[in-house]
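Trainee:
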Amino acid sequence: MKNKVKRREFIKILGAGTAGAAAGVSFVNAFPASKTDSAKLLQTNSENEITPTYCEVCFWKCAGWVHKKDGKAWKITGNETDLNSQGRFCPRGTGGIGMYTDPDRLKTPLIRVEKNGKQVFRKASWDEALDLVAERMKTIGEKWGPECVALFTHGSGGTYFKNLLRGYGSNNIAAPSYAQCRGPRAEAYLLTFGEGVGSPERTDIKNAKCLVLIGSHIGENMHNGQVQEFTEMVANGGTVITVDPRYSTAASKSKYWLPIKPATDLALLLAWINVIIEEELYDKKYVEQYTYGFEALKRAVKQNTPEWAYPLTTIKPHVIRQTAREMAKAAPSVIIHPGRHVTWYGDDTQRVRAGAILNALLGSWGRRGGFYAPAKAHVKKYPHPKYPKPKKNWKDAFPDQFPLANLALSSGICDATIPTPDKECSFKGWIVYGTNLPQTLPQPEKTLEAIQNLELLVAIDTMPAEITGWADVVLPECTYLERYDDLRISQGRQPSIALRMPAFEPKNDTKPAYWIAQKLAAKLGLEKYFPAKTIEEYLDYRLKSIGSSLEEMKKLGVKNLAPEQDLYFLDGEEYEFATPTGKIELYSTTLADSGFDPIPKFTRHEEPPDGFYRLLYGRAPMHTFGRTTNNPILNDLMDENQVWINPKVAKEWDIRNGEYLVLENQDGKKSNKVKAKVTERIRHDCVFMVHGFGHSRKQMRRNYLRGADDQKLISKVKLDPIMGGTGMRVNFVTFRKEAV
Amino acid sequence: MARYAMAIDTKRCVGCSDCVAACQTENNVPIGFCRDWIVEEMHGQYPTLDLEIRSERCNHCADSPCVRSCPTGASHYADGGIVLVTPEECIGCKACIVSCPYDARYVHPEGYVDKCTFCIHRVKEGKDPACVSVCPTHAFIFGDLEDTNSEISKVLRTRKNKTLIPEAGTEPHIFYLI
Ligand code: SF4
Ligand code: SF4
Ligand code: SF4
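Top line first, the protein sequences correspond to chains A and B. Position one of the first sequence corresponds to residue 31 (the numbering used here), numbered consecutively onward. Position one of the second sequence corresponds to residue 375 (the numbering used here), numbered consecutively onward.
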């Protein structure tokens, strides 16, 4: 009989000194220059010193200034020349200073050890911790091959670990932002237009006359530039059509609110396409010149009339017609917003594609007020030696599945870590950078099962998030306000770059990601992949390639470069799209070749059983999920989530507003207790909560057990067969008052 | 003499609370307290609904019950009609807190009563208050009502607007564009 592998226990990270003494080995500072820099800044007597940064609280990466008063952290404000923020940060960016001041941050490297039969963390020096990681990575590499180490990453510092992993010989690099978030959108737009929407989205909202939000709660998602353009557009009298089972903030600013029955969005989109075609409201010239498969589309949607869609969606036929005409009236300055978090029901690539097709029919791609052609600065990469070629990758674990997945699936790697009788386990080591997998991936129990099969789990984080409790080695990163990072090179109407430099010395024994990755590389004999001695040298090299320098960027923070191309198609311009036919594919030849529906088709999704309600989740403007819920400033703005319940439903269950409840899903999974928000703002067949609450770690003193974690209730997913996205809005909950 | 006031566009505001966070950091407002806050007012029944979102704060009233009720003169009118509290003169008796119809004041952990100052320290430097300057939706217009050409004077002439609890008769100077 095989020896049972010892179970990995969840370790609480305790306060200073309680889990064994620090090893007292000091580290070598690889970046003396950065140290002097910020030391110098600290010494100046100026009342208000400012240092450039770009925000790390979400992916929008607004550029701004960190202000200090009398040498102490004061505030963060936007950089007036920054195109992503127009000099105005969102609440999370403004509250970003709390990331630095949070007393609950990780403080030192930690190593899992056994003490009196119990697993505990012991504080370690950086040398010890990195030695251990390197040693286990070497063992795994020799025993199983380097491909058996995977990286999960989210955030700016991930770049260096990607570099490290590729140098080490593995290509298994996954970001939950793909299969758990916007992957279907990337693939749907690629299939249709040969290009993605990108981030920040190339939506020309400020010039749009009509905006259709279907699965996007702008205003509750504070994607800064987008919110700014949205309010501008509304103030200018633009028409907003919001499709949402919930009366969202955006719905309250819209001319039309279509409270759709959840899981039927594709029916509405097809009915809109039907009206646009049947009433000949589409852009004929554009469709003829740029698109492929119009006749096939016309035939396919023939029966998808508003009358057909009505009983499915509960949206009245005349409303469907009227809103379709509104779009056509505004065309081509109309946007069917592609959404962002789109992994809902497993047919998500198809649903997003229906919106893309609608945009194509209305001629908004490449047009003013539609989708513009984004520009990006061409900054040279710092040269490094070629990476070794991996012999296998994550896809080998899924032969013939998800043929069109262009990025690794976090959920796939997680599945492939769990050995099954017919397959030898593929993954033995995980490096997890800045992503709290148990709260990010659906089916958290599966994540924990996968973790039990690992020989190495390294967590690199700033906070003692759930994932750190399962790690063998915890590496505390300093916050974005205490480090340099790679340049921000984001897409937009104009190419631009931004610099992040440290405003403060790293607190406690924390280190920047670059330093950590470079040190680890040296211990693995991979230093050649980090040829720049310091990150300053690395940045300066890159900046010089566009005629700037680190010195200059320290003063400017942001540099906008001259636009190189037109934002929109010129009238009648010839254009070759990067699709197999060279046209916008209304009929997708790629999907047809892979055996999928070349034109989206509506499929019915499972309905909640009696007494159950579909679980919907989303954002609040002051939080980026679990990343910010312990931030003192942002926690003060919202310290727990609530479950939104329609008053009729509440009456049936005798639930009072403000009362605490427990939710239980179809598989008997229970949530932490959560406050009821009884409101007319939601339909009767679903409930809603903000994601990122209900943490289980005492070390995060502010968000510990505050509100409920929706991920715990997402024990079921529906996989998108095209690209492997995990549809998560397929779970149903009921109320348990007695369990509180 | 100037008469400072604020117009806040409820059609723009998305209730993000950035104005609250910015006030917190700018003015070092202790965690757990605030000088400005967000109110969501909902009317109607599903599916015919109406939502008004407001960023609220001290109304810098022209006829302020708080100034009248303050026994020490700590609460006073400053230049530009701004209502201020002098911390050194405040004895923390809370008479002003009770009298304020807007619940705009709180007791600072250091013992004095605190509230919105219209960021007078910034206004003096020619800058907008922190909340105004940060708002991503440009919901605020801050300015001088004495100047008939100021943006705020103009917008109050052209846009429908209201004040809160006008029946209290305090002559509030925060106007909501509706
Ligand atoms: S949108 Fe907000 S959180 Fe995101 S980068 Fe900008 S300021 Fe930061
Ligand atoms: S910052 Fe602006 S949009 Fe946000 S809550 Fe305040 S007033 Fe409203
Ligand atoms: S004016 Fe200044 S003190 Fe008053 S609410 Fe705004 S930021 Fe706070």
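Even for Gly, the Cβ is constructed at its ideal location relative to N, Cα and C. These numbers were taken from a predicted model, which means no experiment stands behind them.
Output, in chain order, the set of chain B residues within a Cβ distance shorter than 7 Å of A/Asp666.
Mentor: Under the 7 Å cutoff, chain B gives Ile405 and Gly406.
Trainee: For A/Gln549, collect the residues of the same chain with a Cβ closer than 6 Å to its Cβ; drop the 5 residues on either side in sequence, then sort them by chain order.
Mentor: The sequence as given places Lys at residue 549 of chain A; Gln does not occur at that position. Here the set comprises Leu160.
Trainee: For chain B, is any of its Cβ atoms less than 7 Å away from the one on A/Ser282?
Mentor: yes
Trainee: Applying a beta-carbon distance threshold of less than 8 Å, which residues of chain B neighbour A/Glu710?
Mentor: Met416, Gly418, Gln419, Tyr420 and Leu423
Trainee: When you compare the CB positions of A/Gly587 and A/Ala93, do they come within less than 7 Å of one another, or not?
Mentor: yes
Trainee: In chain A, which residues lie less than 8 Å from B/Thr399 when you measure between Cβ atoms?
Mentor: Trp104, Lys105, Ile106, Thr124, Gly125, Ile127 and Ile663, listed in chain order.
Trainee: Would A/Gln729 be called buried (16 or more neighbouring beta carbons within 10 Å of its own) or exposed?
Mentor: buried
Trainee: Quick check on A/Thr279: buried or exposed, where buried means 16 or more other Cβ atoms within 10 Å of its Cβ?
Mentor: Classification for A/Thr279: buried.
Trainee: Is there a Cβ from chain A that is less than 7 Å from the Cβ of B/Ala381?
Mentor: no
Trainee: My guess is that A/Val795 and A/Leu517 are in contact by the Cβ rule of under 8 Å, so how many angstroms apart are they, rounded?
Mentor: In the structure as shown, chain A starts at 31 and stops at 770, and residue 795 of chain A therefore has no counterpart that could be examined.
Trainee: Just the C-alpha distance for A/Met758 and A/Tyr463, rounded to the nearest angstrom, thanks.
Mentor: Annotation: A/Met758 to A/Tyr463 spans about 23 Å, alpha carbon to alpha carbon.
Trainee: Give the DSSP-derived three-state secondary structure of A/Arg759 in the structure shown.
Mentor: coil
Trainee: Give me the DSSP bridge partner(s) of A/Glu636.
Mentor: DSSP, once it has assigned bridges, lists no residue as partnering A/Glu636.
Trainee: Write down every uninterrupted run of the beta strand (DSSP E) in the region 221 to 255 of chain A whose length is 3 residues or greater and which is fully enclosed by it, in chain order.
Mentor: With a minimum length of 3 residues, the continuous beta strand (DSSP E) runs that stay inside the region 221 to 255 of chain A are 240 to 244.
Trainee: How many angstroms separate the CA atom of B/Ile471 from the CA atom of B/Ile548?
Mentor: 18 Å
Trainee: Suppose you measure from the CA of A/Phe57 to the CA of A/Ala552; what does that come to, to the nearest Å?
Mentor: In this predicted model, A/Phe57 has a pLDDT of only 30, less than 50, meaning its place in the structure is not dependable; the value taken from the coordinates is given anyway. Using only the alpha carbons, I get a separation of about 14 Å.
Trainee: Report buried or exposed for B/Glu541, applying the criterion of at least 16 other Cβ atoms within 10 angstroms of its Cβ.
Mentor: Exposed, since its Cβ has fewer than 16 Cβ neighbours within 10 Å.
Trainee: Cβ of A/Arg118 less than 7 Å from any chain B Cβ?
Mentor: yes
Trainee: Check whether the Cβ of B/Arg533 sits closer than 6 Å to any heavy atom of ligand 3, and report yes or no.
Mentor: It does not: the Cβ of B/Arg533 is nowhere closer than 6 Å to a heavy atom of ligand 3.
Trainee: Is the CB-CB distance between A/Leu388 and A/Trp287 below 7 Å?
Mentor: no
Trainee: Determine, using beta carbons only, whether A/Gln258 comes closer than 7 Å to chain B.
Mentor: Interface residue, yes.
Trainee: Determine, for B/Pro510, whether the minimum Cβ-Cβ distance to residues of chain A falls below 7 Å.
Mentor: yes
Trainee: Going by Cα to Cα distance, which pick from B/Thr460, B/Leu423 and B/Ser391 is closest to B/Trp411?
Mentor: B/Ser391
Trainee: Report yes or no: is there a C-beta of chain B within less than 7 Å of the C-beta of A/Leu72?
Mentor: Any reading at A/Leu72 must be qualified, since the residue scores a pLDDT of 33, below 50, and its modelled position is unreliable; no value is offered.
Trainee: To the nearest whole angstrom, what separates the beta carbons of A/Leu646 and A/His653, a pair I think is in contact under 8 Å?
Mentor: In fact, because the Cβ distance is near 17 Å, the residues do not count as touching under 8 Å.
Trainee: Could I get the ranges of all uninterrupted beta strand (DSSP E) runs contained in the region 330 to 401 of chain A, with 3 residues as the minimum, in chain order?
Mentor: Segments of the beta strand (DSSP E) lying fully in the region 330 to 401 of chain A: 364 to 366.
Trainee: Taking 8 Å as the cut-off, does the region 421 to 428 of chain A touch the region 440 to 448 of chain A (at least 3 CB pairs, one atom from each stretch)?
Mentor: Flag = yes, the region 440 to 448 of chain A and the region 421 to 428 of chain A touch.
Trainee: Given a cut-off of 7 Å on the beta-carbon distance, is the pair A/Asp491 and A/Arg142 in contact?
Mentor: no
Trainee: Cβ closer than 8 Å: which chain A residues qualify as neighbours of B/Lys385?
Mentor: Val264, Ala265 and Lys283
Trainee: Kindly list the residues whose CB is nearer than 7 Å to the CB of A/Trp104, restricted to its own chain and excluding five residues on each side of it in sequence; keep chain order.
Mentor: The residues are His97 and Lys98.
Trainee: Just reading off the alpha helix (DSSP H) that B/Pro439 is part of, what are its end residues?
Mentor: Note, B/Pro439: alpha helix (DSSP H), Pro439 to Ser443.
Trainee: Whose beta carbon lies closer than 5 Å to any heavy atom of ligand 3, going through the chain in order?
Mentor: Taken from the N-terminal end onward, the list reads B/Cys397, B/Arg409, B/Asp410, B/Arg431, B/Cys490, B/Thr491, B/Phe492, B/Cys493, B/Pro503, B/Ala504 and B/Cys505.
Trainee: Going by C-alpha to C-alpha distance, which of A/Glu325, A/Trp460 and A/Pro638 sits closest to A/Asp163?
Mentor: Note that residue 163 of chain A corresponds to Val in the displayed sequence, not to Asp. The option with the nearest alpha carbon to A/Val163 is A/Trp460.
Trainee: Quick one: using the 10 Å Cβ neighbour count with 16 as the cut-off for buried, is B/Ile552 buried or exposed?
Mentor: exposed
Trainee: Name, please, each residue of chain A whose Cβ falls closer than 7 Å to the Cβ of B/Asp410.
Mentor: Those within 7 Å of B/Asp410 in chain A number zero; the least Cβ separation is about 11 Å.
Trainee: Could I get the ranges of all uninterrupted beta strand (DSSP E) runs contained in the region 504 to 537 of chain A, with 3 residues as the minimum, in chain order?
Mentor: 518 to 520 and 526 to 528
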